[in-house]
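The letter at position 76 of the sequence shown is residue 76 when you use the UniProt record's numbering, and the numbering goes up by one with no holes.
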Amino acid sequence: MLSSKAHTPGTVTVDTFTFDKIRENFNVVLAKFDDKYPFGDKYDQFKKFAENVVNTKNLLVVEIPITEYGDKENQQLAKEYDVKKVDYPVYKLFLKDKSKPIDYTGDKTEDDLKRFLSQHTNLWFGLPGTIEELDHLAQEYFYASSNNDVNTQMSLLEKAREQVKRLVNEKEKKSGESYVKIMESIIKQGTEFLKRERRRVQNLLQEKITNEKKKEFQHRANILLSFKSLKESITDTIDAVKENVVNTGK
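Structure (structure tokens):
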């Protein structure tokens, strides 16, 4: 259904005159270049995304509507950032300490947009299967592991175990146990375990598996994103994981 509004709740609509001011005053800006009145599944996914990240600290989601008629709104911005109509919607991530934006090339779904932001920022979006408190512990845990700080590793592992014990929801408890098992494996095998586990999950996603198993392994991949090494190094790998999920579904 055609949208009757040029503005999506949870976002800020900007133009050629205001975009630079916005970009300079926020640490993380996700910009969507699109038709002025978008519609369809991709727009529905964006609406869900915008609604669900509205309270995420330090993130601003902006819309840049582009028209090819009348005043030809924001054509200058489209040209400056090499945005083409055939690619709508086009997403670009602007970080305050980066001179150039990061182009988004993944599937245009709510979860994939969150996953993209998780790879390139320290923001927390609640990817399926993840738990905020354990995500923070996972990041600390990786730093300690990288520095061979065994005492801190053991302390954080114990904190994670205690948090999992307090979980009531069975799905959350299962996710919590995954965090703990990953931490235990890092103690035994070092941080190289993360790369091996990532490859294992990729391979499993390539196999013919049930939707339930596919969901389980995707949750595992999301949890692995909580460990800092993966956030810094697996952009291409996560794209491959998503492609594998699509192929498996087919």
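We put the CB at the ideal spot given by N, CA and C, even for glycine.
Bridge partner(s) assigned by DSSP for residue i
i	result
I66	D35
Pairwise C-alpha distance: residue j and residue i
i	j	result
T11	S226	26 Å
V29	I22	8 Å
N25	T16	16 Å
D34	E110	16 Å
T8	F39	11 Å
P128	P65	30 Å
I182	R161	12 Å
Y69	E51	30 Å
N58	L157	29 Å
R196	K96	33 Å
K242	F217	For K242, the pLDDT reaches just 48, beneath the cut-off of 50, and the residue's location in the model is therefore unreliable, although a value from the coordinates is still provided. Spanning the two alpha carbons is a distance of roughly 11 Å.
Residue i, buried or exposed, once every other Cβ within 10 Å from all chains shown has been counted against 16
i	result
R220	buried
S178	buried
T121	buried
S118	buried
E207	exposed
G176	buried
Q189	exposed
N74	buried
Contact under 8 Å by Cβ, residue i with residue j
i	j	result
L205	Q163	no
F94	A31	yes
Q53	V62	Per the sequence shown, the amino acid found at residue 53 is Val instead of Gln. No, Cβ-Cβ distance for V53 and V62 is not below 8 Å.
Y81	L113	no
Closest by C-alpha distance to residue i, when choosing among the options
i	options	result
G126	Q218, F19, T13 and N222	N222
T130	K173, V54 and L113	K173
L194	K171, E207, S145 and L156	S145
A138	V180, I209, N148 and Q75	V180
V14	L77, N211, K171 and K165	L77
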